[in-house]
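**Q**
2 protein chains.
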Amino acid sequence: MTTTIYDQGLDRNPANFQPLTPLSFLERAATVFPDHVAVIHGSLRRSYRDLYARARRLASALARHGIGRGDTVAVMLANTPAMIECHYGVPMSGAVLNTLNTRLDPAILAFCLDHGEAKVLITDREFARVMAPALQQAKVTPLVIDYDDPEYAGEGQRLGTIDYEDFLASGDPDHAWAMPGDEWDAISLNYTSGTTGDPKGVVYHHRGAALLAVGNVVTGTLGKHPVYLWTLPMFHCNGWCFPWTLSVVAGTHVCLRQVRAKAMYDAIADHGVTHLCGAPIVMSLLINASDAERRPLPHRVAFFTAAAPPPEAVLAGMAEAGFDVTHLYGLTETYGPAVVNEWHADWDALTKPEQAARKARQGVRYPPLEALDVLDPETMRPVPADGETLGEVMFRGNVVMRGYLKNPKSTQAAFAGGWFHSGDLGVKHPDGYIQLKDRSKDIIISGGENISSIEVEEALFKHPAVAAAAVVAKPDEKWGETPCAFVELKASEMVSAEELIAWCRQSLAGYKVPKHVVFTELPKTSTGKIQKFVLREMAKAI
Amino acid sequence: MTTTIYDQGLDRNPANFQPLTPLSFLERAATVFPDHVAVIHGSLRRSYRDLYARARRLASALARHGIGRGDTVAVMLANTPAMIECHYGVPMSGAVLNTLNTRLDPAILAFCLDHGEAKVLITDREFARVMAPALQQAKVTPLVIDYDDPEYAGEGQRLGTIDYEDFLASGDPDHAWAMPGDEWDAISLNYTSGTTGDPKGVVYHHRGAALLAVGNVVTGTLGKHPVYLWTLPMFHCNGWCFPWTLSVVAGTHVCLRQVRAKAMYDAIADHGVTHLCGAPIVMSLLINASDAERRPLPHRVAFFTAAAPPPEAVLAGMAEAGFDVTHLYGLTETYGPAVVNEWHADWDALTKPEQAARKARQGVRYPPLEALDVLDPETMRPVPADGETLGEVMFRGNVVMRGYLKNPKSTQAAFAGGWFHSGDLGVKHPDGYIQLKDRSKDIIISGGENISSIEVEEALFKHPAVAAAAVVAKPDEKWGETPCAFVELKASEMVSAEELIAWCRQSLAGYKVPKHVVFTELPKTSTGKIQKFVLREMAKAI
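Protein sequences, first through last, are from chains X and A. In terms of the UniProt record's numbering, the first sequence opens at residue 1 and continues consecutively. In terms of the UniProt record's numbering, the second sequence opens at residue 1 and continues consecutively.
Written out as structure tokens, the structure reads:
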């Protein structure tokens, strides 16, 4: 590279370069809007001044216990004020925040504690039942800090010797926390739920967390002082980075220990909630709420959903209930949402089914993501934008993880060819919007033809008696594989396997129609994902 | 530094690291909203697809002429579509965009061309009168490309051999432009008007431009598809980075060659303008417009102003006219606005004079700026936040320039002690908001333009009758400030104020010419320094 006049005497220095980090967002919010309410939890109201002081106390107390750069602090917390404080206080000490999935079983929790080499565990009393055996099984012996949430009245003993509030009280509210030495430093560790094999530890850095946090502001058109309801678990991809996003715009966190319809409507009405995120199940709760659970909304509310495309009936129900739904997509490896279904104003003129079809697409790259494409994983060439040719969805950019902790083999495989391989199969429409068709391991290959399990599931969903459906490959001597459907029916609905097969035949090509239909409750992971590997075993056994 | 588990096997790679740059914003807007109107100019409507294609054509044509990384491309352009294209096409070729101030005189323009080592000059026909002598005086011989704006019907010949449209036509609309190799690479060069001596070349990098561009979205609460009126010159701090900001939110640029009241009201009414920026003079034009010039606004319009605190009467007039004014502050060295008067909702309850007093404060750091403070430049300690103790306003962070081109001495002085020294004097209020109390003594800000008092003094000195001269700012309702000259004549020499003003007009741009000339003995300190603060008081009293 030739040296130019711009390469001389214009270097980085402390005045013109700072590491990107979401931590400085809180410092700014606390300086500019110290009295604005940062956290609501039950009857608790905490200002930005207090939130910042508590985060600094936490960082200070951790530092006094010898915690510093690159140490892992695990937390087993619901969507409580402590969880928000940990998103700032832990990295302010230089440590890495590992939010444990509160629905996991002791064995996997013990694995996570050991693999992440947790030095500290902050755990909510409610989860003592699983954390006690997890700590017994784990080889590490972290400092255990108990969080006793006044809003939690249920069972559960304390596991450690230090109370969270006492721990904070021992810290300095004016603690001079340090910016990360490098924006590439780890800020958090998120274990994937691992449908097969051990969970993998996804490492986020300060740079990506800061960029995605601001990306949420841009994508979600968050104005100043939004009021955000915590229905999405913060342990999941750091709550899509929203714990940091809120500080950018000095918003108010409304905590919620348990996602219930009445509690959500109450929070929205009482606190003027403007935004919330959640899986499809949250939308179901909202639109299926009884009159007794409902409250009138103070204004239209923005709802960001991911995990599965919102069906037409759900979109209609949400719109009627006063929610504007935006469809996002991403993975733990992409800091949560890195793809957005950017809505075009002229799509409002389409029919409702056409609108639902548009909304079902995952969409386009988030502003801070450099590139999103559907590639042939063999050739690494983009598939044609024809809405039909299947390829693997791949990501590239600053909001892609650093890699999997202590797992160079999986890291290298994930980044082969200069792209992050999502493992999701999809198509690219002529307008560049991508749409998922299946997980690569969930695809069914019958007589050499690829069958998207999602497409078959959608056909089943449209039958009025079907509550849930999952389709997997069943080994077949003649065809290699055939689609096998597992179906949950709605209460008091009845339909036969033959009727469902005939139903599918009306809308699907013959080779895509399930050869077998099994009525059963679908096995799910702790995060609510259907465990297709269990179903595949069941299908084999038929 | 101890190596931790997070320091192993989690390195940067093409899948998880990209250089920050505003250039990818345009690629995204053109991909997601290709048909959205990006540029309006007279009867011209240009989509994002077209804007992106034209920027790529420009980058391609420049590359074909051997222009690449670290080459300077100077432009002498009004707020026209070409100016927007240059903000993308020039850096897409790896080159550095040097936007020349269209109000400068030939000698300074020649200096800029030479100092920046311009390889290419793109110049609007309107400015041929000053660019022709500038090119004659300059040592460099850039490739000259003429831009002949169809909206310009005035005088001015072509200076080069290539027409801008022909140049673009020679480029490839699908040109595979490269991301900057490093986000620290220079994206633009902006010459300060030079308070003492020669102008200094402020160098911006891709990282800072991207961060400030997104910072504008957050600070300005820009939703999707804003309509932005170009009243702020794009040659000034790259239009506060708004040429790049608009692509983040797929907004519409409404171009304007000349800032006139009727044209502004027409644009707002005809195109539904939502946002604009400008110096106090623009606000004066808007509120002093005649009924014939005015049109009803389609909605309330956001107006961002800087350079001087908006007086109460102006704020009242703007509010009545339908504009919501936000007060920003920054310098060329901070990419334009890096400080914002963040308004608190409860200040709406204050009296109008109290509100004006709050609004007059410059405020707090922009979200992407790490730190803003008022320091004692001797001790580098913050002044007490008492609203009274004077110190120097200093900046630190990613939206501070790389430094001054080929000027290591000034660069080091500007960054002494790890802060950028603004040269502006101010106080810090108890709530942390800063307020300027005195511009660095010799700067006069007239109509948003910095005027070096020394430059005007030098012009006066050259008159044979002048013994001594000092020029200070005189407050002016229309222009904010105007230069006021205090002159000592040589013994037995006589000259009138009118003659001296005419004399200055021969060598200075019109806005730099003193509006008042006072003949008096100059007040001096014991060491012989002129006491400009005394003169400022005298100027006020005139």
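Cβ coordinates follow ideal geometry from the N, Cα and C atoms, glycine included. Quantities reported herein were computed from a predicted structural model and do not represent experimental measurements.
Residues in the stretch 395-425 of chain X with C-beta within 7 Å of chain A's C-beta atoms, listed in sequence order?
**A** R396, G397, N398, V400, M401, R402, G403, L405, K406, P408, T411, F415, G418, W419, F420
**Q** Can you name the residues of chain X whose CB is closer than 8 Å to the CB of T31/A?
**A** The residue given as residue 31/A occupies position 31 in the second sequence. Simply V364, G432.
**Q** Are V130/X and T99/X close, meaning C-beta to C-beta below 8 Å?
**A** Working through the first sequence from its first residue, we reach residue 130/X at position 130. Working through the first sequence from its first residue, we reach residue 99/X at position 99. Not closer than 8 Å, so no.
**Q** When the cut-off is 8 Å and only beta carbons count, does I5/A lie next to chain X?
**A** Walking along the second sequence from the start, residue 5/A turns up at place 5. Judged by the 8 Å Cβ criterion, I5/A is in contact with chain X.
**Q** Give the straight-line distance between the Cα atoms of I444/A and Q531/A, rounded to the nearest whole angstrom.
**A** As a position in the second sequence, residue 444/A is number 444, starting the count at 1. As a position in the second sequence, residue 531/A is number 531, starting the count at 1. When rounded, the distance between both Cα atoms is 16 Å.
**Q** Where do the ends of the beta strand (DSSP E) carrying V471/A lie?
**A** By 1-based counting over the second sequence, the position of residue 471/A is 471. 466-476 is the extent of the beta strand (DSSP E) around V471/A.
**Q** Going by DSSP in three states, K540/X sits in which element: helix, strand or coil?
**A** Residue numbering aside, residue 540/X sits at position 540 when the first sequence is read from its first letter. Helix at K540/X.
**Q** Could you check what DSSP says for C504/A in three-state terms: helix, strand or coil?
**A** Mapped onto the second sequence, residue 504/A falls at position 504. Looking at C504/A - three-state DSSP - the assignment turns out to be helix.
**Q** Keeping to the same chain, check which residues put their C-beta closer than 7 Å to that of A459/X; ignore five residues upstream and five downstream.
**A** Taking the first residue of the first sequence as 1, we reach residue 459/X at position 459. Listed in chain order, the non-local C-beta contacts of A459/X below 7 Å within the same chain comprise C504, S507, L508, local neighbours out to five positions each way being set aside.
**Q** Report the option in K119/X, M283/X, A78/X, A153/X whose CA atom is closest to the CA atom of V144/X.
**A** In the first sequence, residue 144/X corresponds to position 144, counting from 1. Looking at the Cα atoms, K119/X is the closest of the given residues.
**Q** Nearest by alpha-carbon distance to D198/A: which of T274/A, I108/A, T326/A, L159/A is it?
**A** The count along the second sequence starts at 1 and reaches residue 198/A at position 198. Of T274/A, I108/A, T326/A, L159/A, the residue nearest in Cα terms is I108/A.
**Q** Nearest chain C C-beta to E165/A closer than 8 Å, yes or no?
**A** Although the question refers to chain C, the structure presented lacks it and instead comprises the protein chains X and A.
**Q** Consider the Cβ of S24/X: report whether some Cβ of chain A lies at a distance smaller than 8 Å.
**A** Along the first sequence, one-based indexing puts residue 24/X at 24. It does; some Cβ of chain A falls within 8 Å.
**Q** Does any residue of chain X bring its CB to less than 8 Å from the CB of G70/A?
**A** The residue you call residue 70/A lines up with position 70 of the second sequence. Cβ-Cβ to chain X under 8 Å: yes for G70/A.
**Q** Between the stretch 215-231 of chain A and chain X, which residues of the former have a C-beta closer than 9 Å to a C-beta of the latter?
**A** G215, V217, V218, T221, L222, G223, K224, H225
**Q** Just checking my contact of V273/A with V248/A at CB under 8 Å: how many whole Å lie between their CB atoms?
**A** Counting from 1 along the second sequence, the entry for residue 273/A is found at position 273. Counting from 1 along the second sequence, the entry for residue 248/A is found at position 248. Contact flag wrong, Cβ pair sits at about 18 Å.
**Q** Between Y48/X and the rest of its own chain, which residues show a CB-CB distance below 7 Å, the 5 nearest in sequence each way excluded?
**A** For the purposes of this step, residue 48/X is taken as the residue at position 48 of the first sequence. Taken in chain order, the residues that qualify are A29, A30, F33, P34, H36, A38, A250.
**Q** Could you check how far apart the C-beta atoms of residue 544/X and N341/X are, in whole angstroms? I think they sit under 8 Å.
**A** Residue 544/X lies beyond the stretch modelled for chain X, which goes from 1 to 542, so this question has no answer here.
**Q** Say whether chain X places a C-beta atom closer than 8 Å to the C-beta of E370/A.
**A** The count along the second sequence starts at 1 and reaches residue 370/A at position 370. Answer yes: the Cβ-Cβ gap between E370/A and chain X drops below 8 Å somewhere.
**Q** Determine the extent of the alpha helix (DSSP H) in which F167/X is found, giving its start and end residues.
**A** Position 167 of the first sequence, counted from the start, is the residue given in the question as residue 167/X. Note, F167/X: alpha helix (DSSP H), 164-169.
**Q** I believe G201/A touches L189/A by the beta-carbon criterion, under 8 Å. Please report the beta-carbon distance rounded to the nearest angstrom.
**A** The residue you call residue 201/A lines up with position 201 of the second sequence. The residue you call residue 189/A lines up with position 189 of the second sequence. Yes, G201/A and L189/A are in contact; Cβ-Cβ is about 5 Å, under 8 Å.
**Q** Just reading off the alpha helix (DSSP H) that residue 559/A is part of, what are its end residues?
**A** Outside the shown range of chain A (1 to 542) lies residue 559/A, about which nothing can therefore be said.
**Q** Assuming E499/A and A467/A are in contact, meaning their beta carbons sit under 8 Å apart, how far apart are those beta carbons, in whole angstroms?
**A** Here the question's residue 499/A lines up with position 499 in the second sequence. Here the question's residue 467/A lines up with position 467 in the second sequence. Here E499/A is actually not in contact with A467/A; their C-beta atoms are around 15 Å apart, not less than 8 Å.
**Q** Using three-state DSSP, classify A307/A as helix, strand or coil.
**A** By 1-based counting over the second sequence, the position of residue 307/A is 307. A307/A falls in the coil class under three-state DSSP.
**Q** Check whether chain A comes within 8 Å of T525/X, counting only Cβ atoms and requiring the distance to be less than that.
**A** One-based indexing of the first sequence puts residue 525/X at position 525. Not one chain A Cβ lies under 8 Å of T525/X.
**Q** Does W184/X get closer than 8 Å to chain A when you measure Cβ to Cβ?
**A** Sequence index remark: in the first sequence, residue 184/X carries index 184 (1-based). The Cβ of W184/X sits closer than 8 Å to at least one Cβ of chain A.
**Q** Short of 6 Å in beta carbon distance, which residues of its chain neighbour A279/X, apart from the five on each side in sequence? Order them along the chain.
**A** Taking the first sequence and counting its residues from 1, one reaches residue 279/X at position 279. Result list for A279/X: A307, in chain order.
**Q** So Q435/A contacts chain X; which residues on that side make the cut at Cβ distance below 9 Å?
**A** Position 435 of the second sequence, counted from the start, is the residue given in the question as residue 435/A. Simply none; closest approach about 15 Å.
**Q** Going along chain A in order, which residues have a C-beta closer than 8 Å to the C-beta of V96/X?
**A** In the first sequence, the residue the question calls residue 96/X occupies position 96. What V96/X touches in chain A: Y6.
**Q** Near N101/A, what residues of its chain come up, given a Cβ to Cβ distance below 6 Å and the 5 sequence neighbours on each side ignored?
**A** Taking the first residue of the second sequence as position 1, residue 101/A is located at position 101. Correct list, in chain order: F235.
**Q** Quick one: using the 10 Å Cβ neighbour count with 16 as the cut-off for buried, is E481/A buried or exposed?
**A** Working through the second sequence from its first residue, we reach residue 481/A at position 481. With 16 or more Cβ atoms within 10 Å of its Cβ, E481/A is classed as buried.
**Q** Tell me, to the nearest whole angstrom, how far the beta carbon of F304/X is from that of L328/X; I am working on the premise that it is less than 8 Å.
**A** Mapped onto the first sequence, residue 304/X falls at position 304. Mapped onto the first sequence, residue 328/X falls at position 328. At roughly 5 Å, the Cβ-Cβ gap stays under 8 Å, so F304/X and L328/X are in contact.
**Q** Enumerate in chain order the residues of its own chain whose CB-to-CB distance from N450/X is below 7 Å, with the five nearest sequence positions on each side excluded.
**A** Along the first sequence, read from residue 1 onward, the residue named residue 450/X stands at position 450. The answer, listed in chain order, is L390, I443.
**Q** Cβ closer than 7 Å: which chain A residues qualify as neighbours of E342/X?
**A** Stepping through the first sequence from its first residue, residue 342/X is reached at position 342. The answer, in chain order, is V32.
**Q** I want to see whether chain X comes within less than 8 Å of A15/A, judged by CB atoms only; does it?
**A** Sequence index remark: in the second sequence, residue 15/A carries index 15 (1-based). Taking Cβ atoms only, chain X reaches closer than 8 Å to A15/A, which makes this a yes.
**Q** Run through DSSP, which three-state label would P384/A get?
**A** Working through the second sequence from its first residue, we reach residue 384/A at position 384. Three-state result, P384/A: coil.
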